[in-house]
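Here's the structure, in structure tokens; my notes come after.
Numbering (the UniProt record's numbering), first residue to last: 1 to 154.
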């Protein structure tokens with residue numbers, strides 16, 4: 001590649017400037033650049049976070065709708081989710097209740113023994129559930145809960 005003496009001098013000056021910057025700072029640093037304009041203000045961001053903290057079961061779409069209804073600002077659901085993530089709120093599976101204790105198991109066993117000889121007619125008036133979620137196929141439609149790290153029951 002043929003360069004003119006003027007182009008060679010420009011390249012040399014740029015290299016020299018980079019070397020001087022490196023010697024001064026000890027590392028290459030990038031100049032601050034202008035970032036993309038945020039479509040929400042700090043007040044809108046606080047509204048998004050406080051709305052989610054008041055009702056942890058709201059989805060990004062729900063928070064987006066609240067922002068549009070109350071503040072009159074239309075943003076995408078991704079913006080709402082991003083603002084929640086910036087506030088350290090991430091969607092998690094809801095925590096389940098506490099596990100069965102030895103006392104619970106004893107009470108169940110006692111109930112079973114007391115009702116061992118019941119007739120079918122007597123059992124017809126009772127509805128038994130094991131409080132278990134069953135999903136034969138597809139999504140179980142269990143929602144998410146926005147929580148901060150370390151939170152379990154909020």
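Don't be surprised by glycine CBs; every beta carbon is placed ideally from N, CA and C.
Item, Value
"Give me the DSSP bridge partner(s) of residue 92.", "145"
"Is the Cβ-Cβ distance between residue 157 and residue 51 less than 8 Å?", "Missing from the structure shown is residue 157; the chain here goes from 1 to 154 and no further."
"For residue 48, collect the residues of the same chain with a Cβ closer than 7 Å to its Cβ; drop the 5 residues on either side in sequence, then sort them by chain order.", "63, 67, 80, 83, 84"
"Residue 45 lies in the alpha helix (DSSP H); which residues open and close that run?", "42-54"
"List the endpoints of the continuous alpha helix (DSSP H) containing residue 113.", "102-114"
"Look at the alpha carbon of residue 92 and the alpha carbon of residue 15, and state the distance between them as a whole number of angstroms.", "51 Å"
"Got a sec? Which residues, its chain only, sit under 7 Å from residue 71 by beta carbon, not counting five neighbours each side?", "44, 47"
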